[in-house]
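Here the structure comes first, spelled out in structure tokens, and everything after it is commentary.
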Amino acid sequence: MKKKTTGIMIMCGLIIGVLSGCGSSKGPDNQLTVWTNMDVEAETIQQYADIWGVANGYEVTVIHQSPSVQQFAQAINSADGPDAVVGIPNDQLADYINAGLAAEVPAKLYQDEDFSDAAIQACYVDGIRYAAPLCVETTALFYNTDMVSEVPASWEELVMQAAEGGGVQFDATSIYYDLGFVRANGGYIFQYENGAYDVADIGLANDGAVQAYEFINDLCNEYQLLSADVTADIARSNFQNGQTAYYIGGPWDIDGFSSAGTPFAIAEMPTFSGQPFVTPVGTQISFVSNKSDSQDKAWDFIMYLIDNGAVGMYESGDRIPAKLSDQENELIQGNEYSKAFIAQINNGEPMPTVSEMGQLWSIHTNNIRSMWMGELTPKEAAENIVNQLTEAVELMNSGK
Numbered sequence: 001m002k003k004k005t006t007g008i009m010i011m012c013g014l015i016i017g018v019l020s021g022c023g024s025s026k027g028p029d030n031q032l033t034v035w036t037n038m039d040v041e042a043e044t045i046q047q048y049a050d051i052w053g054v055a056n057g058y059e060v061t062v063i064h065q066s067p068s069v070q071q072f073a074q075a076i077n078s079a080d081g082p083d084a085v086v087g088i089p090n091d092q093l094a095d096y097i098n099a100g101l102a103a104e105v106p107a108k109l110y111q112d113e114d115f116s117d118a119a120i121q122a123c124y125v126d127g128i129r130y131a132a133p134l135c136v137e138t139t140a141l142f143y144n145t146d147m148v149s150e151v152p153a154s155w156e157e158l159v160m161q162a163a164e165g166g167g168v169q170f171d172a173t174s175i176y177y178d179l180g181f182v183r184a185n186g187g188y189i190f191q192y193e194n195g196a197y198d199v200a201d202i203g204l205a206n207d208g209a210v211q212a213y214e215f216i217n218d219l220c221n222e223y224q225l226l227s228a229d230v231t232a233d234i235a236r237s238n239f240q241n242g243q244t245a246y247y248i249g250g251p252w253d254i255d256g257f258s259s260a261g262t263p264f265a266i267a268e269m270p271t272f273s274g275q276p277f278v279t280p281v282g283t284q285i286s287f288v289s290n291k292s293d294s295q296d297k298a299w300d301f302i303m304y305l306i307d308n309g310a311v312g313m314y315e316s317g318d319r320i321p322a323k324l325s326d327q328e329n330e331l332i333q334g335n336e337y338s339k340a341f342i343a344q345i346n347n348g349e350p351m352p353t354v355s356e357m358g359q360l361w362s363i364h365t366n367n368i369r370s371m372w373m374g375e376l377t378p379k380e381a382a383e384n385i386v387n388q389l390t391e392a393v394e395l396m397n398s399g400k
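Each residue of the sequence shown is one higher than the one before, starting from 1 at the first, in our numbering.
In structure tokens:
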């Protein structure tokens, strides 16, 4: 799915050359430093930064950096510290906000309705908008086209078909892959309302969630399609080598399967319990340091990149834009893989943008494994998950 960036460098050179003739001056105060977690796309971001910078009389330096909150907090106190961060996973945003490092988004910077719902939800913490959405990704259903002629409409049908031959694999001990089963039945991680998560309201042991875990238990113990030994890497390898018919994966898997010659296509997730299958949508978000002396200009550049760089970033790194109008670009719509992921994004939601989410991962995995080993019933596993998560969150927040 990788594509070479076409025309961007030529375009940048021409525009910069024209604008340079306008006599814009750059002083010591007309500088922006932007950190980005996006490695492959860093050069493309710099190209757009150069265009914006010449037009606005600014010098913009884009630095590839995978920052921690501590690194960022230290760096912003230096003269050349970052004014903004472009393209970090949304699940990291709450940590920066809790540390008092992120500025609120200006009220009229952008309209929420212009972007995917999941991407907008990812930019709010405690009902306040702290970021702008850049790109989105999610998981979808990969299937081997030599083994599958038609994808079943429901997970219930798919599992019956896979059990008869072909198989389906993914890391079903992880809430990342199990979210759709839980959400389709009315379960949830933390209750979300009015732009905020209630970390005291955990919905992983209500009746619907228990039914979802019963289904997940059957995948292992009744249909024998999965086991605790099937990690995401093993599931990927088995699908790539033609040993399984179905696999849950993301855009990051496409190059490997294509290079290996795996015959595959991608489809939206089948329904579960008659409801859409909700997948976790990851959003690459951008935010501005609340210590920056150039906050307005930093936000202006971020919106320039969002409004003008969508196709360029898609070409350089296969990043699907968060902006709805850009998802309709003919280049993007002309790619069947991207179309499938965009359709699935419409049935997705972000993992909760709260620091407490980090407590769930190992708790969920350990209890699913215990359930599969027969040590816990699905109901007991669900109740364990909620009790242990509640205790972990309380302990985490006891020092605040």
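Glycine included, C-beta positions come from ideal geometry on N, C-alpha and C.
Can you pull the DSSP bridge partners for VAL86?
THR36, SER286
So within the stretch 132-172, which uninterrupted beta strand (DSSP E) runs reach at least 3 residues, ignoring any that extend past its ends?
132-137, 140-144
Could you give the first and the last residue of the continuous alpha helix (DSSP H) run that contains VAL182?
175-184
Look at the alpha carbon of TRP252 and the alpha carbon of THR353, and state the distance between them as a whole number of angstroms.
22 Å
C-alpha gap between GLU336 and LEU389, whole angstroms:
39 Å
Closest to ASN346 by C-alpha separation, out of LEU204, ASN397, GLY282, would be which residue?
GLY282
How is the alpha helix (DSSP H) around GLU391 delimited, first residue to last?
378-397
Beta carbon of ALA107: closer than 6 Å to some heavy atom of the ligand NAP?
Absent from the structure shown: the ligand NAP. Ligands present: none.
What residue from ASP29, ASN56, LEU225, PRO67 has the CA that sits closest to MET38's CA?
PRO67
Short of 6 Å in beta carbon distance, which residues of its chain neighbour TYR177, apart from the five on each side in sequence? Order them along the chain.
PHE170, ASP171, ILE248
Which of helix, strand or coil does DSSP assign to THR5?
Note that THR5 has pLDDT 43, beneath the 50 cutoff, so the model's placement of it is unreliable and the number below is only indicative. Coil.
Would you identify the three-state DSSP class for ALA322, choosing helix, strand or coil?
coil
Flag this pair as yes or no: are the beta carbons of THR139 and ALA265 separated by less than 7 Å?
no
Would you mind giving the Cβ-Cβ distance between ILE189 and GLY208, rounded to the nearest angstrom? I have them listed as a contact below 8 Å.
The pair is not a contact, with the Cβ atoms about 13 Å apart (cut-off 8 Å).
Residues of its chain near MET313, where Cβ-Cβ distance is below 7 Å and the 5 sequence neighbours each way are ignored:
GLU41, THR44, CYS135, ARG319
Quick one: using the 10 Å Cβ neighbour count with 16 as the cut-off for buried, is ASN194 buried or exposed?
exposed
Which residue's Cα is closest to the Cα of LEU219: ALA163, ASP198, GLU150, VAL210?
ALA163
Reduced DSSP secondary structure (H/G/I, E/B, other) of TYR58
coil
Three-pair Cβ contact test at 8 Å for the stretch 140-159 versus the stretch 321-332:
no
Just the Cα atoms here: how many angstroms apart are ASN397 and ALA196?
17 Å
From the DSSP output, in three-state form, read off ILE363 for me.
helix
CB-CB under 8 Å to PRO270, same chain, minus the five flanking residues each way: which ones, in chain order?
LEU141, VAL151, PRO152, ALA153, SER154, TRP155, GLU157, LEU158, PHE277
Taking all protein chains shown into account, decide if LYS402 is buried (16 or more other Cβ within 10 angstroms of its Cβ) or exposed.
Because the chain in this structure spans residues 1 to 400, residue 402 falls outside the shown range and cannot be described.
Taking ALA260 and TYR143 to be in contact with their CB atoms under 8 Å, please state how far apart those CB atoms are, rounded to whole angstroms.
Actually they do not touch by this definition, with Cβ atoms about 15 Å apart.
Could you check the C-alpha separation between ALA310 and SER316 for me, to the nearest Å?
10 Å
Hey, how far is the Cα of TYR110 from the Cα of GLU268?
29 Å
Cβ shell of ASP83 (< 7 Å), same chain only, five flanking positions each side left out:
LEU32, THR33, VAL34, VAL288, SER289, SER292, SER294, ALA298
Would you say GLU356 and ALA118 are within 7 Å of each other, going by their C-beta atoms?
no
Could you tell me whether the stretch 219-232 touches the stretch 367-387, where touching means 3 or more Cβ pairs closer than 8 Å?
yes
Close beta carbons around PRO90, own chain, < 6 Å, minus the five adjacent residues each side:
Contrary to the premise, residue 90 reads as Asn rather than Pro in this sequence. Contacts found: ALA122, THR283, ILE285, PRO350, THR353.
Alpha-carbon to alpha-carbon, PHE272 and GLU113
28 Å
By DSSP, does PHE301 sit in helix, in strand, or in coil?
helix
For SER243, count neighbouring C-beta atoms within 10 Å of its own C-beta (all shown protein chains included) and say buried if the count is 16 or more, exposed if not.
According to the sequence provided, residue 243 is Gln. The question's Ser does not apply to it. With fewer than 16 other Cβ atoms within 10 Å, it is exposed.
Counterpart residues of GLY203 in DSSP-defined beta bridges:
TYR188
Just tell me which of VAL199, ILE128, ILE363, ASP255 has its CA closest to the CA of GLU104.
ILE128
When DSSP labels each residue in this structure, what does ILE97 get in the three-state scheme?
helix
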